[in-house]
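Working notes, beginning with the structure itself.
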Amino acid sequence: IAGITQAPTSQILAAGRRMTLRCTQDMRHNAMYWYRQDLGLGLRLIHYSNTAGTTGKGEVPDGYSVSRANTDDFPLTLASAVPSQTSVYFCASSYQGSDTQYFGPGTRLTVL
Amino acid sequence: DQQVKQNSPSLSVQEGRISILNCDYTNSMFDYFLWYKKYPAEGPTFLISISSIKDKNEDGRFTVFLNKSAKHLSLHIVPSQPGDSAVYFCAASPLFQGAQKLVFGQGTRLTINP
Numbered sequence: 028i029a030g031i032t033q034a035p036t037s038q039i040l041a042a043g044r045r046m047t048l049r050c051t052q053d054m055r056h057n058a059m060y061w062y063r064q065d066l067g068l069g070l071r072l073i074h075y076s077n078t079a080g081t082t083g084k085g086e087v088p089d090g091y092s093v094s095r096a097n098t099d100d101f102p103l104t105l106a107s108a109v110p111s112q113t114s115v116y117f118c119a120s121s122y123q124g125s126d127t128q129y130f131g132p133g134t135r136l137t138v139l
Numbered sequence: 131d132q133q134v135k136q137n138s139p140s141l142s143v144q145e146g147r148i149s150i151l152n153c154d155y156t157n158s159m160f161d162y163f164l165w166y167k168k169y170p171a172e173g174p175t176f177l178i179s180i181s182s183i184k185d186k187n188e189d190g191r192f193t194v195f196l197n198k199s200a201k202h203l204s205l206h207i208v209p210s211q212p213g214d215s216a217v218y219f220c221a222a223s224p225l226f227q228g229a230q231k232l233v234f235g236q237g238t239r240l241t242i243n244p
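Those sequence lines, one after another, are chains A and B.
This note's numbering puts the first sequence at residues 28 to 139.
This note's numbering puts the second sequence at residues 131 to 244.
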C-alpha cells in the first residue's frame, strides 16, 4: 500500500512558469488537502476538497488552483510561479469526518 | 495573525524524562486539537487528538491536556525516547463534517539526549 504519493520530489522553477504538483492516494479517502510549509509559519492550508468534483479555498489560496476529477488525484497548479511560492508542499487525505489526515512526503519547490 | 502558537521553537530533554510541548490558540471556535510529528524529509504523521468536550486524552506514552479557559493545550511524552526527536506541530480546527480545515502552529523541535 503506497498511501499518498507526490511528484516531483523537488523542482527548481523560473518565475513566471506554470507548474503542476501531483498528488495521488490509494486509500479511497473522500477528503484531500494541499498545505505549504514555511519556516516559522508551520503548515498553512492552500486548498481542500471534500469529495471528487468539489474544491474549496483554504487559508492561502491566491496564486494556486486545484481540481478533483476523481477520488484518487488532487493536482495543485501554479499558473505563473513567483519567488514567494518557494516552499515545501504537502498533500494530505482523510476520510470525511475523520480528524486524522495522512500526509504525503512533500515536494520542495524553489522559484527563482 | 497566528491563531495557533507554539512559542518554543526548540526543546531539549534527557532520555527517560518527561517532555512537555505547549500550544496556545486564540480562536474560540476551535473544537478539535491535534498533535502531528514530523521527521526530516517526511510528511507529518498524526500522533494524538482531543475534542473540546474533554480535558485529557492518553495514548501510551503520549497524553494531551486541554485547558479551554486558558486556550492552552500541552503534549506530555513520558518517558522520552531518542526516536521522539522530531518537530511537533500543534493543530486545531472548528467543528467539521467533511474536510477538516486544520490551522497549524509553527512547530517545536524536540531533541532527546541520551
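Beta carbons: idealized from backbone N, C-alpha and C, even for Gly.
{"query": "C118 (chain A) to V217 (chain B) span [Cα, whole Å]", "result": "18 Å"}
{"query": "Three-state secondary structure (DSSP) of P212 (chain B)", "result": "helix"}
{"query": "Nearest to G43 (chain A) (by Cα), restricted to the options A:T137, A:T134, A:T127, A:V109", "result": "A:V109"}
{"query": "Which listed residue (B:F160, B:Y155, B:I178) has its alpha carbon closest to that of Y166 (chain B)", "result": "B:I178"}
{"query": "Chain-order list of residues whose beta-carbon lies under 7 Å from that of S92 (chain A) (same chain, five-residue window excluded)", "result": "T104, A106"}
{"query": "D89 (chain A), buried or exposed, once every other Cβ within 10 Å from all chains shown has been counted against 16", "result": "exposed"}
{"query": "Burial state of A222 (chain B) (16 or more Cβ within 10 Å)", "result": "buried"}
{"query": "Neighbourhood of T1 (chain A) by C-beta, 6 Å cutoff - its chain only, sequence neighbours within 5 removed", "result": "Chain A is shown from 28 up to 139; residue 1 (chain A) falls before or after that span and cannot be answered."}
{"query": "DSSP three-state assignment for Q144 (chain B), whether helix, strand or coil", "result": "strand"}
{"query": "Residues in the region 55 to 81 of chain A having any Cβ partner in chain B nearer than 9 Å", "result": "N57, A58, M59, Y60, Y62, Q64, L66, G67, L68, G69, L70, R71, L72, Y75, S76, N77, T78, T81"}
{"query": "Q128 (chain A), DSSP secondary structure in three states", "result": "coil"}
{"query": "Start-to-end residues for the beta strand (DSSP E) that takes in A34 (chain A)", "result": "31 to 34"}
{"query": "Distance between Q133 (chain B) and I242 (chain B) (C-alpha atoms, nearest Å)", "result": "28 Å"}
{"query": "Start-to-end residues for the beta strand (DSSP E) that takes in T47 (chain A)", "result": "46 to 52"}
{"query": "Nearest-angstrom Cα separation, counted from I150 (chain B) out to F163 (chain B)", "result": "16 Å"}
{"query": "Buried/exposed call for Y116 (chain A), threshold 16 Cβ in 10 Å", "result": "buried"}
{"query": "Whole-angstrom distance between A171 (chain B) and P132 (chain A), CA atom to CA atom", "result": "7 Å"}
{"query": "Alpha-carbon to alpha-carbon, C153 (chain B) and S37 (chain A)", "result": "31 Å"}
{"query": "Top-ranked residue by Cα proximity to R63 (chain A), from B:L240, B:V233, B:R239", "result": "B:V233"}
{"query": "Secondary structure of Q112 (chain A), DSSP reduced to three states", "result": "helix"}
{"query": "Euclidean distance between Cα positions of D131 (chain B) and G69 (chain A)", "result": "13 Å"}
{"query": "Strand pairing of D154 (chain B), partner residues [DSSP]", "result": "B:K135, B:H202"}
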